[in-house]
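One structure is given below, encoded as structure tokens.
Residue numbers (my numbering): 1000 to 1611.
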């Protein structure tokens, strides 16, 4: 037998505006007692902010309403209305029956709903503006003073930002990030960019202050806040972290170089070097010394006495076992300094040093360097040995360092572009590195900080969209339950999983050492020209005129004394660059020049010698 149940629509509650004199505290309300002082504070907040949460009640047979939820607010309203007449009528949600009213009363008593952060921010801000102290605000809302301070920090944000927070279009972390900006117009522009997106705090700050430099940056650490501000620099930072930003990079740069130069000169004078130079980089290595054509001399090593040597070994053992105290570290450093030795006055009379600031903001140097023009004198003085090998001056590279960096990025982009189609090989490479077989050499940047695969100019450069498409995240990714999100991800299947692994591994692929990079390029069939086409902007204007003349002639099989060669040589460098760009990309130009099929193939596959 089948049982049928009649389903009826539930009674719908409604909100009515009711005069205070028609409201009373219902016996159903579990909060029959109240703290008078707390009610006084709440009344003041109602005067300042109005009623944010409506009351709930049940209409009796006489037409009056017994308040079942909101008893404290009712008591406070009867005080506040004496100062703010607009509170004489308030919104009340009317229960359809006694059972519903009793349920509301019990639910509110058991679990009072917190105010939305946007409502808290506005309420706290209004109360604070009316000279109500933080302690009193905290007491009214039953929260901590620290919580009130955090909300007040956002009270000056534009209304549009708080509206977006209330609507769920930005989250609280994103709202917090807006406190770094004092430019309302720009803040609202950024709001439109991130509305509806789960954007990290770091990304938000970058959008709001793209030129700001972190206080942990080596230049900021070296200069210091006081010296920077003394030159008119402005300091910023959000109100929710200890991070400080230096908002005038040009001032920081000027103060940095001035201090570095001054410190370098003082070091030179104090230590007696012949010369000193400064470097803006955070590291100077063997390559930099070679590029500068410097020769190196080394300290005259010292010797330890028998007792000192014994003590040195003891301290080293303690240090290796991490049992060395501060006094021991100082003693070990002193003995190590003796072993390291020092430069003699005669050495320093022929040599100098390059001073720079390392990544930690500390002063560092490469010392004992002899310039090319001082080498003969140093050899004659006996402090530098003459090289046993004849050194031939290498021709100057046609590639500037900046262009070389771009070409390296292009090479890496091409490798990744090819690898994104080699899912199995990427998984094999990942297992290969994770198993420890690569030693110190990295095949992937496993921190997932993507290495640079974009040159400084995007002209003529395009990667597979899988390498440039941002991650797709849930709308509520900031607040979602990870288990639920992971379940949704798994439901997309292994094909989706493998595609995500493949594109993300490809984006962090670097390749290991040069020989192994070549092997990867071979297996991936890496092609520079699949991602990059040389143009005037991205290449031709960045090499010298002689390079362009040689390239033009070699591509078109021109003799050096031909009329076509002479005509090309006569052009200005900029015109040469533009004509080469057209030769590479414009079919009409190729047709006008009579480019053969073989020459066309040569043009389509040409890459700078830099790539080998």
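For glycine and all other residues, C-beta sits at the position ideal for the given N, C-alpha and C.
Between the beta-carbon of residue i and the beta-carbon of residue j, is there less than 7 angstroms?
i            : j            : result
residue 1537 : residue 1611 : no
residue 1074 : residue 1033 : yes
residue 1055 : residue 1042 : no
residue 1050 : residue 1017 : no
residue 1339 : residue 1298 : yes
residue 1416 : residue 1530 : yes
residue 1179 : residue 1271 : no
residue 1418 : residue 1411 : no
residue 1500 : residue 1606 : no
residue 1296 : residue 1383 : yes
residue 1277 : residue 1260 : yes
residue 1125 : residue 1047 : yes
residue 1454 : residue 1546 : no
residue 1095 : residue 1199 : no
So who's on the other strand from residue i, going by DSSP bridges?
i            : result
residue 1627 : Only positions 1000 to 1611 of the chain appear in this structure, which leaves residue 1627 out of reach.
residue 1355 : 1363
residue 1013 : 1093
residue 1244 : 1213, 1235
residue 1018 : 1088
residue 1443 : 1508
residue 1368 : 1295, 1351
Determine the burial state of residue i: buried for a count of at least 16 other Cβ atoms within 10 Å of its Cβ, exposed for fewer.
i            : result
residue 1368 : buried
residue 1366 : buried
residue 1134 : exposed
residue 1218 : buried
residue 1349 : buried
residue 1626 : Beyond the ends of the chain as shown, which are 1000 and 1611, falls residue 1626; an answer cannot be given.
residue 1294 : buried
residue 1596 : exposed
residue 1533 : buried
residue 1575 : buried
residue 1195 : exposed
residue 1372 : exposed
residue 1035 : exposed
residue 1290 : exposed
residue 1359 : exposed
residue 1364 : buried
residue 1469 : exposed
residue 1502 : buried
residue 1044 : buried
residue 1391 : Residue confidence for residue 1391 is low, a pLDDT of 44 falling below 50, so the modelled location carries little weight and cannot support an answer.
residue 1121 : buried
residue 1613 : Because the chain here runs from 1000 to 1611, residue 1613 falls outside it and cannot be looked at.
residue 1309 : exposed
residue 1346 : buried
Going by alpha carbons, who is nearest to residue i out of the options?
i            : options                : result
residue 1280 : 1151, 1356, 1585       : 1356
residue 1583 : 1571, 1021, 1601, 1327 : 1601
residue 1612 : 1316, 1594, 1451, 1081 : Given a span of 1000 to 1611 for the chain in the structure shown, any question on residue 1612 remains unanswerable.
residue 1580 : 1603, 1564, 1181, 1569 : 1603
residue 1064 : 1039, 1222, 1014       : 1014
residue 1187 : 1197, 1198, 1163, 1288 : 1163
residue 1344 : 1557, 1319, 1377       : 1377
residue 1456 : 1507, 1502, 1408       : 1408
residue 1401 : 1542, 1166, 1092       : 1542
residue 1335 : 1318, 1346, 1347, 1351 : 1318
residue 1333 : 1222, 1301, 1509       : 1301
residue 1157 : 1181, 1145, 1202       : 1181
residue 1091 : 1586, 1058, 1083, 1403 : 1058
Secondary structure, beta strand (DSSP E): runs of 3+ residues fully inside the segment 1267 to 1337:
1274 to 1277
Fully enclosed by the segment 1023 to 1053, which alpha helix (DSSP H) runs are 4 residues long or longer?
1035 to 1048
Runs of alpha helix (DSSP H) lying entirely within the segment 1122 to 1150, each at least 4 residues, in chain order
1133 to 1140
Residue ranges of each alpha helix (DSSP H) within the segment 1491 to 1541, 4 or longer:
1492 to 1507, 1513 to 1523
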